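If you're matching them up, the sequences are chains A and B in order.
Read in order, the letters of the first sequence correspond to residues 1 to 168 in this note's numbering.
Read in order, the letters of the second sequence correspond to residues 169 to 307 in this note's numbering.
Glycine included, each C-beta is placed from N, C-alpha and C at the ideal position.
Computed from a prediction, not measured in an experiment: that's the story for all the values here.
Reviewing the structure listed below.
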Amino acid sequence: MAIDKFLVEASHIMMFARSVGDANPIYHDEEYAKGTDSGGIIAPPTFAQSSAQFDPDYFLRPKIGGEGWFGSGKEATGSKPSKDSGGGGGGGAAMGLHAEQHFEYHMTLKAGDVLTATTKPGNSWEKESKRAGKLKFSESVTEYRNQDGELVITATGVGVQTERAVDS
Amino acid sequence: MLKENEIKVGDTHSSVLVEDLKRTQIVQYAGASGDYNPLHTDEIFTTQIAGYPSVFAHGMLSMGLTGTMLTDYVGDGALKKYGVRFTNQVWPGDTLTGKATIIEIRQEDDGKVVDLMIETTNQDNVSVITGNATAKIES
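Structure, rendered in C-alpha cells:
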C-alpha cells in the first residue's frame, strides 16, 4: 500500500475523535487549540489508521456503484472481495483480523499536515490455537511522512488469518 | 503533561471508556476511520456468512477508546509510543474500562519519560486489550 496524499483535516479529526469518545477540545475547538503548546488542532493517537480513506484501492470500502462488495444487500453476501490491496495504515483487517497495533510518534500530527504513507511487509509466523484453529500472523510497517519529508509516525500492524471464526 | 515530582511507579489511572457499546458507535467509527469491513456493521453478513454471533467492534475502536483514557492522563502531544494486542473481541452492549499503570520513570536522550502498562477490560473483567505506552513528562 502506498498513499500519495493523506490530508489531515480538522473536520476529519473532529469526526474521528467523536467516534472514539474523545471530547477533548484540542481535537475540535480551534480557538482553544491555539492556546495550547501545539498551537493548533492535533490528531488523536490512533488517527493515522484513517489513512484508509486516502487509499484509492482500499478493499474494505464499497466502491462507487457497489460493484464487488461482499457485504449484504438483499442476500447475505454480494461478491467476493476482488483484490487483496490496501492495508489501512499498517495491517489489520486486510489480512483477516487485527492482532496487534503499535504506533511510534516522532512528531505531533497536526491539522493541515499532508502525509504520504509507504507500507512494507514485516515478519510472518504461524501458531495453533484452540479458539480459531491455525493462525497465520503477518506484520506490516507503515511510515507516515509530512509535507517536509519528516517522519511523523511509524505504525506497525499485525494481522491474523484464522482457520475459522473465533470462538467467544 | 505529567510532572515527575507528582508521579511514582505503581500509580494508576483508569476510566470507563464506553457503557453499553452501541452498534451505531461502531458505524460511527467505520465512517471516520474508513474501515467498512461488514464484520463490524453488517449483522446479516456477519452471522450468516462469517459465522459470528453478531457484529463486533473494530480492534482499532477499542484502541482508540483506550487512547482517549491514555491522553487524558499523560496530556496532549506527550505520547512517544502506544502499542496494543487485541486479546478478545468487543461486542455491542459491552462496557469497557481502561487502565494505565506507571511501570518506570526514566531518562531518554531528549528528556524524562514514563513507561505505562495498559489494560482494557469488559464488564466480565475479561481483558480485551493489553499494551504499553511511553510518554514525555516534565522534570
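Residue interval of the beta strand (DSSP E) (run including residue 261 of chain B): Start at 1 with the first residue of the second sequence, and residue 261 of chain B comes out as number 93. Where residue 261 of chain B is concerned, there is no enclosing beta strand (DSSP E), given that its DSSP letter is neither H nor E.
For residue 55 of chain A, is the classification buried or exposed, using 16 other Cβ atoms within 10 angstroms of its Cβ as the cut-off for buried? Taking the first residue of the first sequence as 1, we reach residue 55 of chain A at position 55. Buried, because 16 or more other Cβ atoms sit within 10 Å of the Cβ of residue 55 of chain A.
Cβ atoms of residue 26 of chain A and residue 108 of chain A: under 7 angstroms apart, would you say? As a working mapping, residue 108 of chain A is identified with position 108 in the first sequence. As a working mapping, residue 26 of chain A is identified with position 26 in the first sequence. Cβ distance not < 7 angstroms, so residue 108 of chain A and residue 26 of chain A don't count as in contact.
Residue 113 of chain A by DSSP, collapsed to three states: which one? As a working mapping, residue 113 of chain A is identified with position 113 in the first sequence. Coil at residue 113 of chain A, not helix or strand.
Any C-beta of chain B within less than 9 angstroms: which residues of the segment 52–74 of chain A qualify? Taking 9 angstroms as the Cβ-Cβ cut-off against chain B, the residues of the segment 52–74 of chain A that qualify are 52, 53, 54, 55, 58, 60, 61, 62, 69, 70, 71 and 72.
Starting from residue 102 of chain A, find everything on chain B with Cβ-Cβ shorter than 7 angstroms and list it in chain order. Stepping through the first sequence from its first residue, residue 102 of chain A is reached at position 102. The answer, in chain order, is 251.
Residues of the segment 101–125 of chain A in Cβ contact with chain B at a cutoff of 7 angstroms, in chain order, please. Under the 7 angstroms Cβ criterion, the segment 101–125 of chain A contributes 101, 102, 103, 104, 105 and 108.
Given that a residue counts as buried once 16 or more other Cβ atoms are within 10 Å of its Cβ, and exposed if not, what is residue 45 of chain A? As a first step, residue 45 of chain A must be located in the first sequence, where it is residue number 45. Residue 45 of chain A comes out buried.
Reduced DSSP category for residue 240 of chain B - H, G, I as helix; E, B as strand; rest coil: Here the question's residue 240 of chain B lines up with position 72 in the second sequence. It is helical.
Could you check which residue in B/283, B/290 and B/245 has the C-alpha nearest to that of residue 273 of chain B? The residue you call residue 273 of chain B lines up with position 105 of the second sequence. Nearest C-alpha to residue 273 of chain B: B/283.
Suppose the cutoff is 6 angstroms on Cβ atoms and the five residues either side in sequence are ignored; what does the same chain contact list for residue 227 of chain B look like? Start at 1 with the first residue of the second sequence, and residue 227 of chain B comes out as number 59. Within the same chain, residue 227 of chain B has close Cβ partners 254.
Hey, is the segment 179–195 of chain B in contact with the segment 235–249 of chain B, meaning 3+ C-beta pairs nearer than 8 angstroms? With a cut-off of 8 angstroms, the segment 235–249 of chain B and the segment 179–195 of chain B count as touching, because enough Cβ pairs lie within range.
Please name the residue, chosen from B/250, B/262 and B/277, that lies closest to residue 303 of chain B on a Cα-to-Cα basis. Residue mapping note: residue 303 of chain B aligns to position 135 of the second sequence, counting from 1. The shortest Cα separation from residue 303 of chain B among B/250, B/262 and B/277 belongs to B/250.
For residue 209 of chain B, the three-state DSSP class (helix, strand or coil): Translated into the one-based positions of the second sequence, residue 209 of chain B becomes position 41. Reduced to three states, the DSSP call for residue 209 of chain B is coil.
Three-state class that DSSP yields for residue 181 of chain B in the structure shown: Working through the second sequence from its first residue, we reach residue 181 of chain B at position 13. Strand.
Could you pull out every residue in the same chain whose Cβ sits closer than 6 angstroms to the Cβ of residue 192 of chain B, ignoring the five residues on either side in sequence? By one-based count along the second sequence, residue 192 of chain B stands at place 24. Non-local C-beta neighbours of residue 192 of chain B in its own chain, meaning closer than 6 angstroms and more than five positions away in sequence, are absent.
Using a Cβ distance threshold of 8 angstroms, determine whether the segment 4–16 of chain A contacts the segment 106–126 of chain A, with at least three qualifying pairs required. Proximity of the segment 4–16 of chain A to the segment 106–126 of chain A meets the contact definition, three or more beta-carbon pairs being nearer than 8 angstroms.
Give me the DSSP bridge partner(s) of residue 69 of chain A. Your numbering for residue 69 of chain A matches position 69 in the first sequence. For residue 69 of chain A, which the question treats as bridged, DSSP gives no partner whatsoever.
State buried or exposed for residue 138 of chain A, treating a residue as buried only when at least 16 other CB atoms are found within 10 Å of its CB. Translated into the one-based positions of the first sequence, residue 138 of chain A becomes position 138. With a 10 Å radius around the Cβ and a threshold of 16 neighbouring Cβ atoms, residue 138 of chain A comes out buried.
Specify, as a first and last residue, the run of the beta strand (DSSP E) that residue 222 of chain B falls within. The residue given as residue 222 of chain B occupies position 54 in the second sequence. First-last for residue 222 of chain B: undefined, no H or E at that position.
7 angstroms Cβ cutoff met for residue 244 of chain B and residue 290 of chain B: Looking up residue 244 of chain B in the second sequence gives position 76. Looking up residue 290 of chain B in the second sequence gives position 122. Contact flag unset, no.
Residue 250 of chain B lies in the alpha helix (DSSP H); which residues open and close that run? Position 82 of the second sequence, counted from the start, is the residue given in the question as residue 250 of chain B. Counting along the chain, residue 250 of chain B falls outside any alpha helix (DSSP H), though it belongs to the beta strand (DSSP E) covering 247–254.
Does the ligand HEM have even one heavy atom less than 6 angstroms from the beta-carbon of residue 106 of chain A? Questions concerning the ligand HEM fall outside what the structure shown contains, since it holds no ligand whatsoever.
Given a cut-off of 7 angstroms on the beta-carbon distance, is the pair residue 162 of chain A and residue 143 of chain A in contact? To locate residue 162 of chain A, count along the first sequence from 1; it is residue 162. To locate residue 143 of chain A, count along the first sequence from 1; it is residue 143. Residue 143 of chain A sits away from residue 162 of chain A, with the two beta carbons spaced by 7 angstroms or more.
List the residues of chain A whose Cβ lies closer than 7 angstroms to the Cβ of residue 236 of chain B, in chain order. Taking the first residue of the second sequence as 1, we reach residue 236 of chain B at position 68. Within chain A, the residues near residue 236 of chain B are 20, 21 and 22.
Roughly how many whole angstroms lie between the Cα atoms of residue 31 of chain A and residue 252 of chain B? Position 31 of the first sequence, counting from 1, holds the residue named residue 31 of chain A. Position 84 of the second sequence, counting from 1, holds the residue named residue 252 of chain B. Going by the C-alpha atoms only, they are around 33 angstroms apart.
With a threshold of 6 angstroms on Cβ separation, who are the neighbours of residue 127 of chain A within its own chain once the five nearest residues in sequence on each side are excluded? Indexing the first sequence from 1 puts residue 127 of chain A at position 127. The residues are 135.
Determine whether the Cβ of residue 49 of chain A lies closer than 7 angstroms to any Cβ atom of chain B. Counting from 1 along the first sequence, the entry for residue 49 of chain A is found at position 49. Interface residue (Cβ-Cβ distance to chain B less than 7 angstroms): residue 49 of chain A is classified as such.
Nearest neighbour of residue 47 of chain A, chosen from B/172, B/199, B/211 and B/188 [CA to CA]: Residue mapping note: residue 47 of chain A aligns to position 47 of the first sequence, counting from 1. The shortest Cα separation from residue 47 of chain A among B/172, B/199, B/211 and B/188 belongs to B/199.
How about residue 76 of chain A and residue 220 of chain B: do their beta carbons lie closer than 7 angstroms? If you number the first sequence from 1, residue 76 of chain A lands on position 76. If you number the second sequence from 1, residue 220 of chain B lands on position 52. The answer is no: Cβ separation not under 7 angstroms.
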